[in-house]
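Asker:
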Amino acid sequence: MAEKITPRSVDYSQWYIDIVLNAKLADYSPVKGCMVVRPRGYAIWERIQAEMDKRFKETGHQNVYFPMLIPMSFLKKEAEHVEGFAPELAVVTHGGGEELDEPLVIRPTSETIIWAKYKDWIQSYRDLPLLYNQWCSVLRWEKRTRLFLRTAEFLWQEGHTAHETQGEAEAETLKMLEVYREVAERHLCLPVIAGKKSEAEKFAGAVATYCIEAMMQDKKALQAGTSHFLGQNFGKAFDVQFQSREGKLEYAWATSWGTSARLIGAVIMTHSDDKGLVLPPSLAPEQAVIVPILKKDTAAAVLAYCEKVLAGLRAAGVRAILDGDDTQSPGWKFAQHEMNGVPLRIEIGPRDMEGGKAMVARRDTGEKAAYDVASLGATALTLLDAIQKNLYDKALAFRKENTKAVADRAELLAFYGKDKGEDAGTAAVAGGFAEGLWCGSRECEAALKAETKVTIRCLPMDRQEGITGKCCLCGSPARHTAVFARNY
RNA sequence: CGGGACGUAGCCUAGAGGCUAAGGCACCUGGUUUGGGACCAGGAGAUCGGGGGUUCGAAUCCCCCCGUCCCGACCA
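Take 21 as the starting number for the first sequence in the working numbering and just add one per residue.
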């Protein structure tokens with residue numbers, strides 16, 4: 021297991037792939053564009069799911085499951101929706117050896133099949149709101165894929181709600197965005213910017229799309245979650261009408277919101293280093309690993325002692341394991357557990373045993389110190405909290421260092437560098453997040469993208485009041501504050 | 001889907017018309033070791049991406065196909 025990880029400074033893309041493969045999170049699959057999620061990767065996904073799902077339930081949502089296959093005609097009912105997804109659909113044309121009367125698409129997202137049923141379930145305002153979510157995978161025929169970040173099939177969660185009024189649906193959209201923000205920041209240690217998408221970047225079929233955007237170590241942006249206000253677009257397309265409190269027939273108002281296993285990619289690219297994976301303790305499958313230092317005459321005693329320490333850690337609520345394998349050297353194990361991103365490494369040898377101590381090394385900082393074994397459970401919990409906080413703080417500091425306010429086009433271009441193809445996957449790319457005023461024109465945004473690959477990531481929610489000044493791109497009167505970046 | 005690079009054991013690499021395709025890592029067995037990726041001995045593992053052709057002889061030369069990676073256009 022002498023694999024080395026390509027340093028970030030040499031090739032950031034290769035570094036990312038090396039981490040995913042060497043930490044055994046995922047692997048390539050026999051099917052082009054798809055990935056295999058391995059146990060260590062899936063365990064992280066399960067922890068993310070658990071945090072999300074808990075909050076969905078707390079906010080009144082229920083889980084459902086809809087079929088993977090959707091009649092082609094359903095997609096076509098919402099014009100923008102089909103236009104947006106048509107290029108990336110996989111279509112089933114045969115079943116049971118015969119050609120199907122109507123082709124079935126493998127869901128790229130489930131708005132259409134869900135709203136087809138909502139028509140049956142919604143008759144009265146008393147049937148509303150309908151607050152459903154499903155955990156599933158979806159398929160989008162992507163041309164260029166990357167483990168976790170963009171694969172043809174991906175694991176995700178999609179919420180689909182129906183409401184009586186516009187205001188209620190809009191409130192739901194923002195409520196779920198806030199759930200995403202909280203999970204991202206508290207559990208994934210990802211500082212995110214919550215904002216609204218520009219017209220060009222919004223979801224096909226939405227009235228408004230909101231998102232949370234995070235900055236990766238190569239200063240590119242990654243969308244970590246989206247929440248859409250769908251207006252009455254799907255209500256009308258699927259004829260979902262209900263009788264209102266006033267006795268009138270009205271179309272239901274809709275939202276949809278999603279996050280995917282891409283979040284795992286975001287966690288990797290935000291926290292990990294050249295030694296391997298670095299995980300927030302709240303996501304780590306194992307929070308602490310005990311590595312015994314086994315020498316001939318004391319091996320049995322040290323091992324027995326480690327078992328006791330392990331029991332103490334577990335009793336304190338720490339997810340801990342003991343690596344008692346005597347066919348590998350401690351040095352090999354250190355490297356291995358660092359690769360796997362275990363937040364705390366506890367070394368116990370004869371010397372420590374005599375003194376009632378244990379050496380504890382932090383994965384995030386590398387700091388190593390001796391602690392009393394008697395109170396090791398409490399110590400570990402304190403250290404895990406400190407790591408969780410440190411990862412967030414470091415990521416936030418990094419984003420601030422690489423965020424620049426720009427007043428005009430010249431400043432923005434200087435920030436990103438003129439070279440439009442420059443990127444090359446190195447950590448040394450120019451730029452980061454640029455914040456500037458924007459006129460709101462689609463053409464203005466498109467011109468920037470064509471020239472520099474820089475796009476508007478979002479219009480941050482908390483900075484849209486009282487805008488005065490000029491668009492930093494074209495000089496027209498500004499209407500928004502925008503965050504610009506190159507993105508994944 | 002366009003441009004480029006590359007396919008030799010699970011991984012990395014050597015071989016560049018001529019003996020039984022070579023080495024490192026990983027793997028298996030035994031021994032010895034263990035406070036930052038140990039060491040010794042032995043072992044197993046390859047129809048050289050696939051198909052066709054040239055040749056007395058092809059991993060090596062030619063043609064076709066397939067696949068992977070990188071760079072563009074498109075995207076959670």
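Glycine included, every Cβ here is placed at the ideal spot set by N, Cα and C.
Cα-Cα, which of Arg499, Lys377, Val426, Asp238 is closest to Arg28?
Answerer: Asp238
Asker: Would a C-beta distance cut-off of 9 Å place Leu297 and Ala502 closer than the cut-off?
Answerer: no
Asker: For Leu20, tell me which candidate among Trp135, Val158, Met88 has the shortest Cα-Cα distance.
Answerer: Here the chain covers residues 21 to 508 and nothing more, so residue 20 does not appear.
Asker: Determine the DSSP secondary structure at Cys326, reduced to helix, strand or coil.
Answerer: Residue state, collapsed to three classes: helix.
Asker: Once you ignore the five residues that flank Leu194 on each side, which residues in its own chain have a CB closer than 6 Å to its CB?
Answerer: Cβ neighbours of Leu194 beyond the five flanking positions: none.
Asker: Using beta-carbon positions only, say whether His183 and Glu173 come within less than 9 Å of one another.
Answerer: no
Asker: Just to confirm, are Ser218 and Ile487 a CB contact at a threshold of 9 Å?
Answerer: no
Asker: Can you name the residues that DSSP bridges to His114?
Answerer: Glu119
Asker: Leaving out the 5 sequence neighbours to the left and right, which residues in its chain are closer than 7 Å to Leu169 when beta-carbon positions are compared?
Answerer: Non-local C-beta neighbours of Leu169 in its own chain, meaning closer than 7 Å and more than five positions away in sequence, comprise Arg282, Gly285, Tyr508, ordered along the chain.
Asker: Are Met373 and Val426 touching if we call contact CB-CB under 9 Å?
Answerer: no
Asker: Identify the residues that DSSP records as bridge partners of Arg382: which are they?
Answerer: Leu364
Asker: Could you tell me the distance, in whole angstroms, from the CA atom of Ala46 to the CA atom of Pro59?
Answerer: 8 Å
Asker: Helix, strand or coil: which one does DSSP assign to Asp392?
Answerer: strand
Asker: Which residue's Cα is closest to the Cα of Trp155: Thr279, Ala340, Arg371, Ile366?
Answerer: Thr279
Asker: Between the Cα of Arg383 and those of Val309, Arg160, Ala224, spot the shortest distance and give me the residue it belongs to.
Answerer: Val309
Asker: Excluding sequence positions up to five away, which residues of its chain have a Cβ less than 8 Å from the Cβ of Val56?
Answerer: Ala46, Asp47, Tyr48, Ser49
Asker: Checking 9 Å against the spacing of the C-beta atoms, do Ile68 and Leu411 come in under that value?
Answerer: Going by beta carbons, Ile68 and Leu411 fall outside the 9 Å limit.
Asker: Whose C-beta lies closer than 6 Å to the C-beta of Tyr85 among residues of the same chain, with five residues either side of it excluded?
Answerer: Gln154
Asker: Apply the 10 Å Cβ neighbour rule to Gln356 and answer buried if 16 or more other Cβ atoms are within range, or exposed otherwise.
Answerer: buried
Asker: For His248, report the span of its beta strand (DSSP E) as first-last.
Answerer: 241–251
Asker: Grouping DSSP H, G and I as helix and E and B as strand, with all else coil, what is Phe262?
Answerer: strand
Asker: Considering only their Cβ atoms, is the gap separating Gly215 from Cys478 smaller than 9 Å?
Answerer: Closer than 9 Å, so yes.
Asker: Take the Cβ of Asn83 as the centre, count every other Cβ of all protein chains shown within 10 Å, and call the residue buried at 16 or more, exposed below.
Answerer: exposed
Asker: Taking Pro370 as part of the alpha helix (DSSP H), name the residues at either end of that continuous run.
Answerer: Taken as a continuous stretch (DSSP letters only), the alpha helix (DSSP H) holding Pro370 covers 370–375.
Asker: For Ile487, does the three-state DSSP call read helix, strand or coil?
Answerer: DSSP, reduced to helix, strand and coil, places Ile487 outside both helices and strands of the structure shown, so it counts as coil.
Asker: Do you know offhand how far Ala447's Cα is from Lys240's?
Answerer: Low per-residue confidence applies at Ala447: pLDDT is 36, beneath 50, and the placement is therefore not dependable, though the value from the model is reported in the following sentence. Straight-line Cα distance between these residues: approximately 10 Å.
Asker: Tell me where the alpha helix (DSSP H) around Lys469 begins and ends.
Answerer: 462–472
Asker: I'd like to know whether the C-beta atoms of Thr132 and His81 end up nearer to each other than 9 Å.
Answerer: Going by C-beta atoms, Thr132 is not nearer than 9 Å to His81.
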